[in-house]
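Note that the sequence shown covers residues 0 to 164 in numbering that gives the first Met the number 0. For every residue, glycine included, the Cβ atom is placed at its ideal position computed from N, Cα and C. Since the structure is predicted, the reported quantities are computational estimates derived from the model, not experimental observations. To start, the structure under review is shown below, and the notes come after it.
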Amino acid sequence: MNTAREQALWDFAVSLYGRPGVAEACLALQDEDGVDVPLLLYAAWLGDRGIALSASDIAEIIGAIGGWQREIVSSLRVIRKRLKEGPSPAPNETTDALRNAIKSAELSAERIELALLESQGRHLAATGGGTAAANMIAIVAHHGDGVIGERASARVWRIAAAVGP
0 MNTAREQALW DFAVSLYGRP GVAEACLALQ DEDGVDVPLL LYAAWLGDRG IALSASDIAE
60 IIGAIGGWQR EIVSSLRVIR KRLKEGPSPA PNETTDALRN AIKSAELSAE RIELALLESQ
120 GRHLAATGGG TAAANMIAIV AHHGDGVIGE RASARVWRIA AAVGP
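Structure below.
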């Protein structure tokens, strides 16, 4: 039987993302702070396993997934969001079907990213000092050139509270 600490990243991410307030906090960090949601959920998963992320770990991880995230995941997200408002003929029933197909492709691309992240983290050892909050703060700070704002910090803590003890 798997314990929470042995839970696969995808299952952890889906479970955490579905908890009250988490999706909203993740999307706000994505939209306002440029944080990659799968990377944020990965950081929480590692912290839940007692693994602390160093600055060099973060740089290595982003180097490993950055191309996929930028070229595929982000591109799909941009197209999906654009179809909400136009260009003509969007939005309409026909383009809504296309938007939903792109949303499904975006989710599949994020699942691939999470698999890459899980594979990337296999060499990281539990130090006992890692927490979901500390790892997510490190990720947000990395995206903000070492700075994390008050609203971003509050969002991280909202997500961390949902991870649990």
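**Asked** Under three-state DSSP, which class holds glutamate 31?
**Response** Here DSSP, grouped into helix, strand and coil, assigns glutamate 31 to helix.
**Asked** What is the DSSP secondary structure of leucine 52, reduced to helix, strand or coil?
**Response** coil
**Prompt:** Does the stretch 97-109 touch the stretch 125-134, meaning 3 or more C-beta pairs lie closer than 8 Å?
**Reply:** no
**alanine 43 beta carbon less than 8 Å from that of isoleucine 136** = no
**Request:** Have a look at alanine 3 and alanine 96 and give me their C-alpha separation to the nearest angstrom.
**Result:** Because alanine 3 sits at a pLDDT of 45, beneath the cut-off of 50, its placement in the model cannot be relied upon, and the following sentence gives the value as read from the coordinates. Each residue's Cα considered, the two are about 37 Å apart.
**Prompt:** Which first and last residues belong to the alpha helix (DSSP H) in which serine 73 is found?
**Reply:** 73-81
**Asked** Hey, how far is the Cα of alanine 54 from the Cα of isoleucine 138?
**Response** 9 Å
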